[in-house]
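Enquirer: I am attaching a structure below and will ask some questions about it afterwards.
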Amino acid sequence: MHATGRLALDGRAPMRPNTLFGIASLTKPFGSVLTLGLVDDGVLSLDDEVAPWG
Numbered sequence: 070m071h072a073t074g075r076l077a078l079d080g081r082a083p084m085r086p087n088t089l090f091g092i093a094s095l096t097k098p099f100g101s102v103l104t105l106g107l108v109d110d111g112v113l114s115l116d117d118e119v120a121p122w123g
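If you're matching positions, the sequence shown starts at 70 in this note's numbering and goes up one per residue.
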């Protein structure tokens, strides 16, 4: 893995391959895309109950 850039605007601290980023509410679109991919693959349906998957 290759990391480039800086952690802050002051440019002192470099990014590293193990740098963690808070993505907050961006997990919702990722979850939606993954879910719709599973629907497209026939793994689940949008009409399925949630309980069996939980």
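We put the CB at the ideal spot given by N, CA and C, even for glycine.
1) Which residue marks the beginning of the alpha helix (DSSP H) containing residue 100, and which one marks its end?
2) Can you tell me whether residue 121 is helix, strand or coil according to DSSP?
3) Could you tell me whether the Cβ atoms of residue 72 and residue 84 are closer together than 8 Å?
4) How many whole angstroms separate the CB atoms of residue 89 and residue 82, which I take to be in contact at a CB cut-off of 8 Å?
5) Strictly by DSSP, which residues pair up with residue 85?
Expert: So, to answer that:
1) Taking the first residue of the sequence shown as position 1, residue 100 is located at position 31. The continuous alpha helix (DSSP H) containing residue 100 extends over residues 96-109.
2) Against the sequence shown, residue 121 aligns to sequence position 52. Reduced to three states, the DSSP call for residue 121 is helix.
3) Residue mapping note: residue 72 aligns to position 3 of the sequence shown, counting from 1. Residue mapping note: residue 84 aligns to position 15 of the sequence shown, counting from 1. Against a cut-off of 8 Å, the Cβ pair of residue 84 and residue 72 comes out as a contact.
4) Within the sequence shown, numbered from 1, the residue matching residue 89 stands at position 20. Within the sequence shown, numbered from 1, the residue matching residue 82 stands at position 13. The C-beta distance from residue 89 to residue 82 rounds to 13 Å, too long to fall under 8 Å, and the pair is not in contact.
5) Residue mapping note: residue 85 aligns to position 16 of the sequence shown, counting from 1. Answer is none; residue 85 lacks a bridge partner.
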